[in-house]
Amino acid sequence: MAIELMTEEMRREAWLAERRKHITSSDIAALMGLPDAYGSPMGVYLEKKNLLERGEAPTYLEAGLRLQPVILDWYSDQRQVAIQHADPYELVVCKEHPVLAASLDARWHEGDLRPVDAKNVRIRRTEEWGATGTDEIPARYVVQLHMQMLCIGVRVAADLATLFAGADPGWFSVAYDPEIGGAVIEAAEAFWAKHVLADIPPPVDASDEWKRFLGSRRQTSKDLVSATPETEATAFKLRSIESQIDELQSARTLYQNQLKLAIGEHAGMLGRFGKINFTQSKDRQSTDWEAILRDLGVPVPADLIVKHTETKPGSRSFRPYWKD
Numbered sequence: 001m002a003i004e005l006m007t008e009e010m011r012r013e014a015w016l017a018e019r020r021k022h023i024t025s026s027d028i029a030a031l032m033g034l035p036d037a038y039g040s041p042m043g044v045y046l047e048k049k050n051l052l053e054r055g056e057a058p059t060y061l062e063a064g065l066r067l068q069p070v071i072l073d074w075y076s077d078q079r080q081v082a083i084q085h086a087d088p089y090e091l092v093v094c095k096e097h098p099v100l101a102a103s104l105d106a107r108w109h110e111g112d113l114r115p116v117d118a119k120n121v122r123i124r125r126t127e128e129w130g131a132t133g134t135d136e137i138p139a140r141y142v143v144q145l146h147m148q149m150l151c152i153g154v155r156v157a158a159d160l161a162t163l164f165a166g167a168d169p170g171w172f173s174v175a176y177d178p179e180i181g182g183a184v185i186e187a188a189e190a191f192w193a194k195h196v197l198a199d200i201p202p203p204v205d206a207s208d209e210w211k212r213f214l215g216s217r218r219q220t221s222k223d224l225v226s227a228t229p230e231t232e233a234t235a236f237k238l239r240s241i242e243s244q245i246d247e248l249q250s251a252r253t254l255y256q257n258q259l260k261l262a263i264g265e266h267a268g269m270l271g272r273f274g275k276i277n278f279t280q281s282k283d284r285q286s287t288d289w290e291a292i293l294r295d296l297g298v299p300v301p302a303d304l305i306v307k308h309t310e311t312k313p314g315s316r317s318f319r320p321y322w323k324d
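According to my numbering, the sequence shown is numbered sequentially starting from 1.
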């Protein structure tokens with residue numbers, strides 16, 4: 001009897017499917033509305049309902065995954081503690097609150113077995129980060145570490161291993177705070193009950209996920225819906241903002257043109273404000289192969305055109321026509 005071994009892709013797909021059954025540590029910051037959180041409540045909702053179309057991961061996330069072993073080993077040397085790298089496709093579910101789950105990067109090999117999370121940080125903002133060894137880190141990472149502590153049952157502390165700008169390693173330690181832990185549990189369980197289980201999207205916001213979701217909804221009627229007092233008020237707000245944007249865009253273009261004129265044939269401009277580039281891109285060429293075949297008198301079979309023709313669903317355009 002043949003035994004089918006799971007490939008890397010199969011393990012990843014199984015892990016993603018299991019993640020959809022829980023609120024994970026990477027979801028919680030967005031659900032709590034913390035600054036610079038990755039994703040949005042609507043993104044979390046769409047993922048859990050398996051409605052989120054996955055594209056290529058941003059480059060910085062790919063870089064973080066590739067650098068993770070290096071960051072963790074560097075942390076181990078700096079901290080002088082032995083660590084055990086975790087299985088990237090293992091999901092730890094909280095026993096007391098099974099809606100919560102987390103995938104760990106590493107854990108201490110001895111002592112309190114605390115979780116260690118690795119982050120590749122592009123910019124070290126002084127208002128967000130303290131000195132190495134402190135607990136001064138952005139709130140979005142504080143709640144993520146608390147989620148991990150809750151899931152593994154180690155409510156002592158968790159560490160964050162960092163690499164700033166690809167060259168500056170550091171580490172931070174966050175002690176478990178029952179108040180923060182309680183807020184994490186409440187946010188995760190409330191979102192799961194109110195939105196995922198109830199099949200009700202979270203309130204609309206300005207996130208890309210909401211924009212893509214609304215743009216993907218198909219038009220099924222040619223009728224016009226009547227505005228309510230609330231939607232009329234929203235439309236007037238939009239009209240006012242668009243008027244301000246038009247004025248700002250006009251001023252922006254004027255100032256850009258004035259600076260372009262001053263730069264002339266040079267590559268840019270330097271000043272107390274910094275630097276402005278006004279460089280020339282390389283010329284690009286494209287070849288119309290169908291036209292070449294016509295000039296050569298070679299007919300292009302209709303079935304070949306059909307074979308290489310891709311039909312993409314039409315997108316819905318949003319165009320207000322304001323009254324004077």
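Beta carbons are placed, not taken as given, at the ideal position from N, Cα and C, and that holds for glycine. Predicted, not measured: the structure shown is a model, and the values here were computed from it.
| Check | Outcome |
| --- | --- |
| Residue ranges of each alpha helix (DSSP H) within the region 170-202, 4 or longer | 178-191 |
| Local conformation of methionine 1 per DSSP, three classes | Caution is warranted here: a pLDDT of 49 is assigned to methionine 1, below 50, making its placement in the model unreliable, and no coordinate value can be reported. |
| The region 205-223 in contact with the region 177-197 per 3-pair CB rule at 8 Å | no |
| Three-state class that DSSP yields for glycine 271 in the structure shown | strand |
| Reference isoleucine 263; option with closest CA among Thr279, Phe273, Pro115 | Thr279 |
| Bounding residues of the alpha helix (DSSP H) (the contiguous stretch that carries aspartate 246) | 229-263 |
| Exposure label - glutamine 219; buried when at least 16 CB within 10 Å | exposed |
| Counterpart residues of histidine 85 in DSSP-defined beta bridges | Ala106 |
| Three-pair Cβ contact test at 8 Å for the region 76-91 versus the region 106-125 | yes |
| Three-state class that DSSP yields for alanine 118 in the structure shown | strand |
| Inter-residue spacing [alpha-carbon to alpha-carbon] between glutamate 232 and glutamate 242 | 15 Å |
| Beta carbon of valine 196 nearer than 8 Å to that of lysine 48 | yes |
| Alpha-carbon spacing of threonine 132 relative to glycine 33, whole angstroms | 26 Å |
| Isoleucine 23 burial status per 10 Å Cβ neighbour count (16 or more: buried) | buried |
| Three-state class that DSSP yields for phenylalanine 278 in the structure shown | coil |
| Inter-residue spacing [alpha-carbon to alpha-carbon] between tryptophan 171 and lysine 312 | 47 Å |
| Alanine 309 - DSSP class collapsed to helix/strand/coil | The amino acid occupying residue 309 in the given sequence is threonine; alanine does not appear at that position. Reduced to three states, the DSSP call for threonine 309 is coil. |
| Pick from Leu31, Tyr38, Gly182, Thr162 that is closest to serine 173, judged by C-alpha positions | Thr162 |
| First through last residue of the alpha helix (DSSP H) which encompasses alanine 158 | From DSSP, alanine 158 is part of no alpha helix (DSSP H) but of the beta strand (DSSP E) over 157-164. |
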